[in-house]
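Mapped onto the numbering used here, the consecutive letters of the sequence shown carry residue numbers 79 to 333. Virtual Cβ for every residue (Gly too), placed ideally from N, Cα, C. Structure first, commentary second.
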Amino acid sequence: MKDTNKLIIANWKMNPQTKKEAEVIFNKISIIVKSQKRVEVVVCPPHPFLFIKDKIKNIKLHLGGQDVFFEKEGSYTGEVSTSMLKNFGVEYIIVGHSERRAQGDSNQTINKKILATIKASINPIFCIGEQKRDNNGFYLSFIKEQIHSGLYGVTKSQMGKIVIAYEPVWAIGSNAIREATPVEFMEMKIFIKKIIADMYDIKIANDIRIIYGGSVNPLNASSFLKEGEADGLLVGRDSLNSKKFGSIISLAATL
Ligand code: PGA
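Next up, the structure:
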């Protein structure tokens with residue numbers, strides 16, 4: 079059964095710079111989440127700040143990792159394993175974010191990370207998205223390839239763990255060319271579901287959660303959730319501002 083609560087994810091990226099600040103933002107978000115019922119909130123801090131959840135007894139606020147390595151353990155300087163993240167209570171891991179892809183993560187690497195994440199019983203937030211759009215629809219083949227390679231070897235029964243985050247690269251961050259529209263998201267959601275239905279079946283395509291990310295803010299959040307029918311949102315910059323992120327959470331909880 080599909081979870082109908084909206085999934086709101088904070089991707090803090092390489093912010094904030096101190097553990098004190100991280101604790102403050104996390105505490106404020108946890109207070110907001112406490113009073114909301116129909117919404118699932120995940121915070122993905124930088125790895126050194128994963129301890130913040132230990133201090134709060136709020137089971138409603140979930141913890142996520144921003145990336146992971148696919149090997150179990152060993153000589154991999156700078157990497158973290160699924161077990162380490164799980165040990166901190168991580169339930170979701172962002173895999174294939176465009177900023178990781180820009181650092182060299184290939185579709186094959188992302189696939190290995192997705193498989194390792196599922197194996198650890200953690201939910202991958204599988205990010206896909208084109209660099210730019212073109213009038214011939216080449217970007218659609220690009221998206222299709224990302225999905226096919228990323229989910230290679232993922233079985234039907236494992237698909238329930240996957241969340242797909244559609245994040246057009248041109249709409250992400252302070253250098254975004256422009257915001258995406260809810261209609262653009264909706265069209266892409268249909269396209270993604272068609273690919274999943276062809277790879278698996280209609281039920282899996284129906285049930286999979288497809289969320290939107292890229293310059294989400296309190297002003298555009300509800301249009302992506304309502305008109306765009308997004309199952310949730312992946313929020314970058316505005317997730318570091320507890321007021322703004324709080325209003326996105328409250329909006330999502332009323333839908
Ligand atoms: P942004 O980042 O909200 O700052 O555009 C989104 C993301 O990269 O996940």
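Collapsing the DSSP output to three states places Gly238 in a helix. In the DSSP annotation of this structure, the continuous segment of the beta strand (DSSP E) that includes Asn89 starts and ends at 84-89. Just so you know, the alpha carbons of Val313 and Asn105 end up roughly 18 Å apart. Taking C-alpha positions only, Phe216 is separated from Lys112 by approximately 44 Å.
The residue among Gln95, Ala275, Val120, Phe323 with its C-alpha nearest the C-alpha of Lys234 is Ala275.
A distance of 8 Å or more separates the beta carbons of Gly167 and Lys115. Between the C-alpha atoms of Gly156 and Lys150 there is a straight-line separation of about 14 Å.
Distances taken from the Cβ of Leu312 to the heavy atoms of ligand 1 include one shorter than 7 Å. If one requires a minimum length of 3 residues, the beta strand (DSSP E) runs lying completely within the region 159-222 are 168-173, 201-206, in chain order. As the crow flies, the alpha-carbon of Phe129 is around 35 Å from that of Lys267. Counted as a single uninterrupted DSSP element, the alpha helix (DSSP H) harbouring Glu101 occupies residues 97-112.
Nearest C-alpha to Ser300 among Lys322, Leu329, Glu177, Ile288: Leu329.
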